[in-house]
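2 protein chains.
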Amino acid sequence: MVLLVQHPCSPQSRKIRIGMSEKKMLFVLKDEEPWNLSTDLFKLNPAGDLPVFLNDGFVLSGSNAIMEYLEETSREIRLMPETPRERAEVRRLIEWFDEKFNREVYRNIVCEKVHKRFSKGLAPDSKILKIGLNNLNFHMEYIDWLAERRNFLAGENFSWADITAAAHLSVIDYLGDVPWEGYKNAKLWYSKIKSRPSFKDILKDGIRGILPSKHYADLDF
Amino acid sequence: MVLLVQHPCSPQSRKIRIGMSEKKMLFVLKDEEPWNLSTDLFKLNPAGDLPVFLNDGFVLSGSNAIMEYLEETSREIRLMPETPRERAEVRRLIEWFDEKFNREVYRNIVCEKVHKRFSKGLAPDSKILKIGLNNLNFHMEYIDWLAERRNFLAGENFSWADITAAAHLSVIDYLGDVPWEGYKNAKLWYSKIKSRPSFKDILKDGIRGILPSKHYADLDF
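One line per chain: the protein sequences are A and B, in this order.
Residue numbers for the first sequence follow this note's numbering, beginning at 1 and rising by one.
Residue numbers for the second sequence follow this note's numbering, beginning at 222 and rising by one.
As structure tokens, this is what we get:
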């Protein structure tokens, strides 16, 4: 049985959970607060980030390393397309969200509203929040553009690109900050992903001390 | 023929160049300054990062996507180990350098000393530099620890983990900021990588307006 050390406000944790559910894997979760990591976590992963994947003595960290490992070892249900060029497009989008979206949106919104509150007891800086919300509009435009042209974000089929993007958006959506109304195609795409059985557990997630936005778990939002 | 749009102070560009040389690929370089990207670059890669890989009309960005694509399509010379668990360790270390080292060292040292100077004409902030140099010691300890226990960073064989780590260190070394003396095993490992033919071009790199450190190109440093 797989144990995933994770946190509901970590998009990388959500990504791996959704991927494992898609692959019908059994796993249990153990929460660690990113702003208050235990010494045990650092023993498992000296980089000090989430999630950490444990399976029968095998320990793996780094959400990209975990994703590729799952794809290589759990091959009945594939979440990567057939050809190298198509896979390249999936990985390009994964990097987009794990690096660019993370730096431009997550750090300015989630770190301000959640990490800062629980690690330092401070209120968010409204200037930083505003930058994050502004950046989010740019990313929503890009998702909308992709969703208008393609069946799923990276092409014809559902892939790790959709999982990664939805994992990131779902944390911002928990906080009620996604401006769905301006982005019809992005909204349609997200409602497709949200309806998948693999997303069910994500919609039950709770961040201690912060209620989810009203529409967070609604399939019809 | 492959065209790589890149810059000598981008570790991700260096990584792909070294990997392509290891694989005996032919390629030409086109420089773009990261602090002054052209509109053409944004047309190729809306994320606005380097490098961008072009091959006969196929355009790919995201250094991880490019690396996996090279590994999947240029298979005579492999830079990934045999088993999924070994590959996972390679990818874990790649993430370590591309995310953690980048955030904790590159941004505090290279962005301060190079990007800031050319984009804003400003001198580096000594407080930020000090944080970067401090963080670098932690990373050197980790490289030293790995190099003491393993033949190469991720295990028995040379891999993309060595390429990525050396690419990142080489930019810092250009600026003369790597404290080699305290880290014997790390130094031995780096001199092994530095001696490879694939590294030759990296050692000829020049960042406009900044001379390399005296020992930068020395194989015996």
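Even for Gly, the Cβ is constructed at its ideal location relative to N, Cα and C.
Item	Value
Who pairs with residue 227(B) in a beta bridge, going by DSSP?	252(B)
Got a sec: which bits of the segment 293-308 of chain B sit with their beta carbon under 8 Å from any beta carbon on chain E, in order along the chain?	The structure shown has no chain E; the protein chains it does contain are A and B.
When you compare only the Cα positions, how much space is there between residue 356(B) and residue 314(B)?	17 Å
Are residue 100(A) and residue 268(B) close, meaning C-beta to C-beta below 7 Å?	yes
Quick one, which residues of the segment 119-142 of chain A are near chain B if we go by CB-CB under 8 Å, in chain order?	142
Compare the Cα-Cα distances from residue 209(A) to each of 201(A), 115(A), 149(A) and report the closest residue.	115(A)
Based on Cα-Cα distance, which residue from 328(B), 392(B), 280(B), 263(B) lies nearest to residue 420(B)?	392(B)
In this structure, does DSSP put residue 257(B) in helix, strand or coil?	coil
Do residue 388(B) and residue 232(B) count as a contact pair if the criterion is CB distance below 7 Å?	yes
My assumption, with CB atoms under 8 Å, is that residue 301(B) sits in contact with residue 292(B). Please give the rounded CB distance.	5 Å
Could you run through the segment 91-107 of chain A and flag, in chain order, every residue whose CB is less than 7 Å away from some CB of chain B?	91, 92, 95, 96, 100
Taking three-plus beta-carbon pairs below 8 Å as touching, is the segment 347-361 of chain B in contact with the segment 372-381 of chain B?	no
Going straight from the alpha carbon of residue 294(B) to that of residue 84(A), what length do you get?	7 Å
On the premise that residue 364(B) lies in contact with residue 407(B), defined as a C-beta separation below 8 Å, what is that separation, rounded to the nearest angstrom?	4 Å
Measuring alpha carbon to alpha carbon, tell me which residue in 180(A), 62(A), 118(A), 9(A) is nearest residue 220(A).	180(A)
Assign residue 101(A) to one of three DSSP states: helix, strand, or coil.	helix
Mind checking residue 36(A): buried by the 16 CB within 10 Å criterion, or exposed?	exposed
Which residue wins for smallest C-alpha separation from residue 171(B), given the options 405(B), 394(B), 280(B), 424(B)?	Residue 171(B) is absent from the model: chain B starts at 222 and stops at 442.
Can you give the Cα-Cα distance for residue 5(A) and residue 121(A), rounded to whole angstroms?	24 Å
Could you check what DSSP says for residue 276(B) in three-state terms: helix, strand or coil?	strand
Which of the three DSSP states is assigned to residue 298(B) in this structure?	coil
Going by DSSP in three states, residue 195(A) sits in which element: helix, strand or coil?	coil
Ignoring anything shorter than 4 residues or poking outside the segment 352-415 of chain B, list the alpha helix (DSSP H) runs there in chain order.	381-395, 405-415
By the DSSP assignment, the alpha helix (DSSP H) with residue 11(A) in it spans what residues?	11-22
Can you tell me whether residue 316(B) is buried or exposed, with buried defined as 16 or more other CB within 10 angstroms of its CB?	buried
Of all the options 147(A), 206(A), 211(A), 176(A), which has the alpha carbon lying nearest to the alpha carbon of residue 192(A)?	147(A)
Are the beta-carbon atoms of residue 77(A) and residue 16(A) separated by less than 7 Å?	no
Does the beta carbon of residue 231(B) sit closer than 7 Å to a beta carbon anywhere in chain A?	no
The alpha helix (DSSP H) spanning residue 95(A) covers which residue range?	84-95
Closer than 7 Å by C-beta to residue 263(B): which residues in its own chain qualify, once you throw out the five before and the five after it? Chain order, please.	269
Taking the alpha carbon of residue 87(A) as the reference point, which residue from 228(B), 290(B), 362(B) has its own alpha carbon closest?	290(B)
Taking the alpha helix (DSSP H) that residue 422(B) falls in, what are its first and last residues?	421-424
So that I know if they touch, is there some Cβ in chain B lying closer than 7 Å to that of residue 147(A)?	no
Does DSSP classify residue 281(B) as helix, strand or coil?	strand
Starting from residue 207(A), follow its DSSP beta bridges and name the residues at the other end.	210(A)
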